[in-house]
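Quick mapping for you: the protein sequence lines, in order, are chains X and F. Heads up, the first sequence is in the working numbering, so the first residue is 25 and it goes up one at a time. Heads up, the second sequence is in the working numbering, so the first residue is 9 and it goes up one at a time. Working notes, beginning with the structure itself.
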Amino acid sequence: DGGITQSPKYLFRKEGQNVTLSCEQNLNHDAMYWYRQDPGQGLRLIYYSQIVNDFQKGDIAEGYSVSREKKESFPLTVTSAQKNPTAFYLCASRVVTSGIDEQFFGPGTRLTVL
Amino acid sequence: AQTVTQSQPEMSVQEAETVTLSCTYDTSENNYYLFWYKQPPSRQMILVIRQEAYKQQNATENRFSVNFQKAAKSFSLKISDSQLGDTAMYFCAFMSRMDSSYKLIFGSGTRLLVRP
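Next up, the structure:
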């Protein structure tokens with residue numbers, strides 16, 4: 025089955041630690057995105073990548089880093105510089121088919137800072 | 009900058025009845041997409057329906073339809089014959105075709121409860 029997987033589902037971090045969230049897709053999509061969701065709010069864009077070996081900051085990139093070494097993978101690292109990292113993180117990939125633009129989402133990772 | 013506003017934090021509807029969720033947006037662009045996403049308790053984001061701004065005809069997907077009023081910058085979602093499985097958070101989202109990121113800009117969501 026084609027889709028987007030994220031791991032782990034739940035992640036706990038101590039203050040001062042860096043953690044990496046995994047996002048893998050087998051949909052052969054070029055573009056991938058990381059969004060953050062806080063309670064009572066919609067999703068906000070952290071980073072995106074349109075193509076391998078290239079990525080751009082989104083609206084709330086401070087304290088985060090990414091890499092895009094393979095088309096299928098777009099891991100997100102939450103660094104100790106992120107002041108309030110507890111949130112739900114969603115990865116997405118984008119496809120344009122017959123002129124129709126759509127983003128597909130993974131199941132998400134819930135990060136909690138202890 | 010574009011913004012998306014959902015003014016109804018929570019709504020409730022009786023099973024089998026119809027409910028309409030509101031969304032307004034602000035943009036100076038003419039070429040964009042609008043979406044409604046559903047987020048059930050599993051938190052998986054599921055696309056419900058999309059509307060291309062250049063199309064005047066309102067999009068429809070089975071029990072879901074939209075009322076797209078471009079001049080008023082309004083994009084409401086109507087759910088007909090509501091089912092218990094429709095209970096979820098619903099997010100309205102905007103995508104600019106002029107922004108090279110093609111990012112989605114989300115509203116704050118409406119929590120819908122379908123009562124048996």
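Glycine is no exception: its CB is placed at the ideal position from the N, C-alpha and C atoms. Here the structure is a predicted model, which means the values were calculated and not measured.
Practice task
Determine the direct distance from the alpha carbon of residue 115(X) to that of residue 81(X), and round the result to whole angstroms.
Solution key: Stepping through the first sequence from its first residue, residue 81(X) is reached at position 57. Stepping through the first sequence from its first residue, residue 115(X) is reached at position 91. Rounded to the nearest angstrom, the two C-alpha atoms are 14 angstroms apart.
Problem - Endpoints, the beta strand (DSSP E) within which residue 100(F) is located - result: On the second sequence, residue 100(F) is found 92 positions in, with the first residue counted as 1. Annotation for residue 100(F): the continuous beta strand (DSSP E) segment containing it runs 96-104.
Handout entry: Spatial distance of residue 87(X) from residue 42(X) (CA atoms)
Key = Looking up residue 87(X) in the first sequence gives position 63. Looking up residue 42(X) in the first sequence gives position 18. Their Cα atoms are separated by approximately 10 angstroms.
Problem - Pair within 8 angstroms by beta-carbon distance, residue 23(F) and residue 92(F) - result: In the second sequence, the residue the question calls residue 23(F) occupies position 15. In the second sequence, the residue the question calls residue 92(F) occupies position 84. For the pair residue 23(F) and residue 92(F), the CB atoms are nearer than the 8 angstroms cut-off.
Exercise for the section: Could you pull the start and end residues of the beta strand (DSSP E) that residue 58(F) belongs to? Expected result: On the second sequence, position 50 is the one that residue 58(F) refers to. First-last of the beta strand (DSSP E) with residue 58(F): 54-60.
Practice task
Measure from the C-beta of residue 41(F) to each C-beta in chain X and report whether the shortest distance is under 8 angstroms.
Solution key: Here residue 41(F) is taken as the residue at index 33 of the second sequence, counted from 1. So yes, residue 41(F) belongs to the interface.
Exercise for the section: Compute the Euclidean distance between the alpha carbons of residue 122(X) and residue 58(F), then round it to the nearest angstrom. Expected result: Along the first sequence, read from residue 1 onward, the residue named residue 122(X) stands at position 98. Along the second sequence, read from residue 1 onward, the residue named residue 58(F) stands at position 50. Rounded to the nearest angstrom, the two C-alpha atoms are 14 angstroms apart.
Exercise for the section: Kindly identify the DSSP beta-bridge partner or partners of residue 115(X). Expected result: As a working note, residue 115(X) is residue 91 in the first sequence. 58(X), per the DSSP bridge assignment.
Problem - Inter-stretch contact at 8 angstroms, needing at least 3 Cβ pairs: the segment 66-76 of chain X / the segment 34-41 of chain X - result: At 8 angstroms Cβ cutoff, the stretches do not touch.
Problem - Spatially closest choice to residue 126(F) from 116(F), 111(F), 103(F) and 120(F), by CA coordinates - result: Nothing can be reported for residue 126(F), as the shown portion of chain F is limited to 9 through 124.
Exercise for the section: Have a look at residue 9(F) and residue 107(F) and give me their C-alpha separation to the nearest angstrom. Expected result: Counting from one through the second sequence, the residue named residue 9(F) turns up at place 1. Counting from one through the second sequence, the residue named residue 107(F) turns up at place 99. Near 11 angstroms, if we compare the C-alpha coordinates of residue 107(F) and residue 9(F).
Practice task
Check whether the Cβ of residue 93(F) lies closer than 8 angstroms to any Cβ atom in chain C.
Solution key: Included in the structure are the protein chains X and F, with no chain C among them.
Problem - Pairwise C-alpha distance: residue 50(F) and residue 34(F) - result: In the second sequence, residue 34(F) corresponds to position 26, counting from 1. In the second sequence, residue 50(F) corresponds to position 42, counting from 1. Approximately 30 angstroms, taken between the alpha carbons.
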